[in-house]
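Asker: Numbering (the working numbering), first residue to last: 718 to 1344.
Note that the Cβ used here is the ideal one computed from N, Cα and C, for glycine as well.
Predicted, not measured: the structure shown is a model, and the values here were computed from it.
What follows is a structure written as structure tokens; I'll ask about it next.
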């Protein structure tokens, strides 16, 4: 059997077209496995009735649709060859406010690098007429006051998004190579009659890769001086993803070295630098308390909490709707909203742009695309530092609940071990939480309601929490698989055995001794079932609140209700009685009402009792009882 992608390649069709043919019954022998079609190897391509009707000819005459810019951060290429969401009004908003140095903090893959390259192309002096890349964009309609600024300034542009190394030496070498390349973009300075010989000597050191660490720290300041002399105009300095090497330094134990370097590096560029027209920086965090920007009074910070520039990183609802219309998949708007909408930047609701373009490009198949853009070091650090209380709150978030948290945008990496509650601040700015409600406090922090923005992030949490349990040895992948399989196959004896073996091997992880602890444990163990089930916890149904409910995403799967009980120091007989009590409670309080109202009548019920490291499972099936 083959999937739609394989058949599409063989038949010269789109994956979406093959899926539609399967759905309409035009391919013999197909069957559906979950959300995916399985097609016989020898299946024949259906004849195209559009040829005789003329529909095919009409379709072929239509203008070919542009591809989506997956991973494209080059502005000129993105706007020319791909479907481009026009963000040039960022330029207007900037000129209207005229901050000297701007820091934009947003989660990864929210368009920071593409926007910074757009600013570079707009501002930079060039031998070619770069105005042609903006004449059909929104900024050009704003009048001569804005158009006259185009192509008037020298630009220094650095992106640190790929500076991810295990040692300070390799990191410094990479930064040196980036500076070498940027100096190389300004070869006009090597022969400039306006520069002194000592400046040309310094320029040659950077170009030849022989500059010392001290000389590299002053490179931005020196380059801005030379460009000002040569052009008679101070440059625009753009630093993209400035905090990426700092994150690596924190996790790879060269934090002090990278902080010391960056402090001098940025100070020379942005603090009291008379050879600066405008400065732009992007990153995930504002690391102000690290003294990187110490004394930089001209810095304007634009974070996820601020209303300024809220529409320019990520996609708005109108932009997504236009995109869906262009690609003829407006019927997917509701699904896309559930999966990729929900971020709040300032007061504007924002879609994850990376996930949106991947979703459409891959035939509108909902998946957690964002999680695959890189390691989630931040979430790993969070889980490593999390207390039992924080882990319980994370599980509450996973169930769609809101958690009250104090948000400090000036978070520092080192504060995680000293003040674990800073976890919520890091999760918010990194894109793992949203703030439906916030109130500014006198000390500059915010008191917020926080929640998970969408299904994609919920899936990321579940996978990362499970990964964390794997890393610390609290669970093995085999155990998690066995537990998921046991629930899926109604095998309560196998389920009991798998949980018991897990608990027996993980004695150090069972010190909490509360029902809430075991509740969180079971939620973590069933995380692998997220593709088949919507996992709910502590929700009202019938005459009470069930512990865990698994609502099937496809009608072919049964519903599952789990009730948990815990008491210390029970005998085997009393432990079995407690499991019977848990199972009886499901029926007595009619916890299955919610599932039945959703059209689910095949319902598996599990009563699970814990006492220390021992477990007992009781099971019944709604369908079986009805016969």
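Pick out the complete beta strand (DSSP E) segments inside the stretch 837–881, 3 residues or longer, and give them in chain order.
Answerer: 872–876
Asker: Our contact map puts residue 1259 next to residue 1306 with C-beta atoms below 8 Å; I'd like the distance itself, whole angstroms only.
Answerer: 5 Å
Asker: What three-state label does DSSP hand residue 1155 in the structure shown?
Answerer: strand
Asker: As a quick exercise: from 1318, 999 and 783, pick the residue whose alpha carbon is nearest that of residue 1045.
Answerer: 783
Asker: Whose C-alpha, out of 1153, 1067, 1162 and 1148, is nearest the C-alpha of residue 1088?
Answerer: Among 1153, 1067, 1162 and 1148, the Cα nearest to that of residue 1088 belongs to 1148.
Asker: For residue 1280, name the three-state secondary structure that DSSP assigns.
Answerer: strand
Asker: May I have the straight-line CA-CA distance separating residue 791 from residue 856, to the nearest angstrom?
Answerer: 18 Å
Asker: Inspect the beta-carbon positions of residue 1068 and residue 1151 and report whether they are closer than 8 Å.
Answerer: no
Asker: Relative to the C-alpha of residue 946, which residue among 991, 745, 967 and 933 is closest?
Answerer: Nearest C-alpha to residue 946 among 991, 745, 967 and 933: 991.
Asker: Just grab the DSSP bridge partners of residue 911 for me.
Answerer: Answer by DSSP bridge pairing: none, since residue 911 is not bridged.
Asker: First and last residue of the beta strand (DSSP E) that includes residue 1253?
Answerer: 1250–1254
Asker: Are the beta-carbon atoms of residue 1003 and residue 1126 separated by less than 8 Å?
Answerer: yes
Asker: Run through DSSP, which three-state label would residue 957 get?
Answerer: strand
Asker: Contact defined as beta carbons within less than 8 Å: I believe residue 954 pairs with residue 986. What is the distance between those atoms, to the nearest angstrom?
Answerer: Confirmed, about 6 Å.
Asker: Where DSSP assigns a beta bridge to residue 1323, which residues make up the other side?
Answerer: Residue pairing from DSSP places residue 1323 in a beta bridge opposite 1279 and 1336.
Asker: Less than 8 Å between the beta carbons of residue 1058 and residue 1066, yes or no?
Answerer: yes
Asker: Starting from the C-beta of residue 936, find all residues in its chain whose C-beta is less than 7 Å away, skip the five residues before and the five after it, and write them out in chain order.
Answerer: 896 and 923
Asker: Quick check on residue 996: buried or exposed, where buried means 16 or more other Cβ atoms within 10 Å of its Cβ?
Answerer: buried
Asker: In whole angstroms, what is the alpha-carbon distance linking residue 815 and residue 951?
Answerer: For residue 815 and residue 951, the distance between alpha carbons rounds to 15 Å.
Asker: Taking 8 Å as the threshold (C-beta atoms), are residue 829 and residue 957 in contact?
Answerer: yes
Asker: Which whole-angstrom value describes the C-beta separation of residue 1296 and residue 1239, a residue pair presumed to lie in contact below a C-beta threshold of 8 Å?
Answerer: No, residue 1296 and residue 1239 are not in contact; Cβ-Cβ is about 14 Å, not under 8 Å.
Asker: Tell me the rounded alpha-carbon separation between residue 841 and residue 1072.
Answerer: 31 Å
Asker: Cα-Cα, which of 859, 798 and 823 is closest to residue 813?
Answerer: 859
Asker: Please identify the residue among 723, 1215, 800 and 1030 whose C-alpha is closest to the C-alpha of residue 760.
Answerer: 723
Asker: Counting C-beta neighbours from all protein chains within 10 Å, is the total for residue 731 16 or more, i.e. buried, or is it exposed?
Answerer: exposed
Asker: So, for residue 874: in the same chain, excluding its five sequence neighbours on each side, which residues have a beta-carbon less than 6 Å away from its beta-carbon?
Answerer: 837 and 955
Asker: So for residue 832, helix, strand or coil by DSSP?
Answerer: Assigned with DSSP and collapsed to three states, residue 832 falls in helix.
Asker: Let me confirm a value: residue 1215 is counted as buried when at least 16 other C-beta atoms fall within 10 Å, else exposed. Which label applies?
Answerer: buried
Asker: What is the DSSP secondary structure of residue 719, reduced to helix, strand or coil?
Answerer: Residue 719 sits in a strand when the DSSP states are folded into three classes.
Asker: If distances are taken between C-alpha atoms only, which option among 1315, 1114, 1318 and 1320 comes closest to residue 1255?
Answerer: 1114
Asker: Hey, could you find the ends of the beta strand (DSSP E) residue 997 is sitting in?
Answerer: 995–1000
Asker: Give the single residue among 1080, 1082, 1268 and 1327 whose Cα lies nearest to the Cα of residue 1291.
Answerer: 1327
Asker: Name the DSSP beta bridge partners of residue 1166, please?
Answerer: 1121 and 1154
Asker: Leaving aside the five residues before and after residue 883 along the sequence, list all residues of the same chain whose C-beta is less than 7 Å from its C-beta, in chain order.
Answerer: 969
Asker: Which same chain residues, not among the five before or five after residue 753, have their C-beta less than 8 Å away from its C-beta?
Answerer: 720 and 721
Asker: Using 8 Å for Cβ pairs, my map puts residue 1119 next to residue 1168. What's the rounded Cβ distance?
Answerer: Contact holds; Cβ gap of about 5 Å.
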